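In what follows, a structure is listed as structure tokens, so that the remarks can point back to it.
Residue numbers (full-length UniProt numbering): 1 to 248.
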């Protein structure tokens, strides 16, 4: 068993081995409907694009996809996967794009690898900068209830996960690769706080559950959510427009 707690590159590599039909299934299943309902336009940035799995997914939905990632090897793989896109190494947290360029900024399994709130805010401010006025930000993160339970493709039943506080390192076993990864634990309140500070209003929090007709032998996925999907827009005034219901 390998333990990787501090290497985002290793973390990204572990998740890059899964397709949207296994570990990533519940992350991506509802995204097409959510984008159709809340999004507009077809110019997208995949923030933390990895080797091209999610850019390929977005391309199939009709988006013109660019991507950024801190790992040059991942960027090279993404360029091969989606050769018509612009994929760049993220340096000093600066997205190489003009203000208001994107209708969609998509960010899957990235924010939990940032261990300080001010760094989360800094990341989100840069995302807000490149988002169009009417664009949407989609963030997929582990739910609070992921930790301390067993799931179809990951196991988080570690003793230290039972008393996590904001900013603590959790432990998650990726079953297929036998890696233990150590993402940071953030609550729903934490995410909402940093979104708001960065000028984003959460308009939907969606927590997908497994279904009987999907062909998987679910463990806990039918009863509680392992994943949270946030959809946010740029603030237009001082009053947040928040929808916390999980039914979209």
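Glycine included, every Cβ here is placed at the ideal spot set by N, Cα and C.
These figures come from a predicted structure and were not determined experimentally.
With respect to the alpha helix (DSSP H) encompassing residue i, which residues constitute its N-terminal and C-terminal limits?
i           : result
residue 212 : Premise fails: residue 212 is in no alpha helix (DSSP H) and is neither H nor E.
residue 31  : 31 to 38
residue 26  : 25 to 28
residue 58  : 53 to 60
Terminal residues of the continuous beta strand (DSSP E) containing residue i?
i           : result
residue 130 : That residue, residue 130, is in no beta strand (DSSP E); its alpha helix (DSSP H) goes 117 to 130.
residue 180 : 179 to 181
residue 277 : In this structure the chain extends from 1 to 248, so residue 277 is not present and cannot be described.
According to DSSP, which residues form a beta bridge with residue i?
i           : result
residue 74  : Answer is none; residue 74 lacks a bridge partner.
residue 206 : 229
residue 45  : 66, 105
residue 89  : 69
residue 174 : 154, 179
residue 139 : 107, 230
residue 200 : 234
residue 169 : 184
Excluding sequence positions up to five away, which residues of its chain have a Cβ less than 7 angstroms from the Cβ of residue i?
i           : result
residue 103 : 39, 40, 41, 42, 43, 44, 132, 135
residue 115 : 167, 184
residue 143 : 207, 225, 226, 227, 228
residue 93  : 122, 123, 126
residue 62  : 42
residue 79  : 87
residue 65  : 44, 46, 55, 58, 59, 82, 85
Have a look at the options and flag the residue whose alpha-carbon is nearest the alpha-carbon of residue i.
i           : options            : result
residue 236 : 157, 128, 161, 154 : 128
residue 119 : 197, 212, 87       : 197
residue 160 : 220, 190, 182, 213 : 182
residue 36  : 51, 58, 53         : 58
residue 33  : 204, 213, 180      : 204
residue 139 : 108, 158, 178      : 108
Quick one: does the C-beta of residue i sit closer than 7 angstroms to a heavy atom of the ligand FAD?
i           : result
residue 233 : For the structure depicted, the ligand FAD is absent and the ligand set is empty, with no information on it obtainable.
Given a threshold of 16 other Cβ atoms within 10 Å of its Cβ, counted over all protein chains shown, does residue i qualify as buried or as exposed?
i           : result
residue 233 : buried
residue 252 : Because the chain here runs from 1 to 248, residue 252 falls outside it and cannot be looked at.
residue 228 : buried
residue 244 : Here residue 244 scores only 43 on pLDDT, less than 50, and its place in the model should not be relied on; the value that follows carries that caveat. Exposed.
residue 95  : buried
residue 221 : buried
residue 215 : exposed
Looking only at its chain, what residues have a beta carbon closer than 8 angstroms to the beta carbon of residue i, apart from the 5 residues adjacent to it on each side?
i           : result
residue 156 : 146, 147, 148, 149, 150, 170, 171, 172, 173
For residue i, would you say it is in contact with chain D, using Cβ-to-Cβ distances shorter than 8 angstroms as the test?
i           : result
residue 236 : Of the protein chains in this structure there is only one, and it is not chain D.
Going along the chain, which residues of its own chain have a beta-carbon closer than 6 angstroms to the beta-carbon of residue i, five neighbours each way excluded?
i           : result
residue 97  : 130
residue 219 : 150, 151, 152
residue 231 : 38, 136, 138, 203, 204
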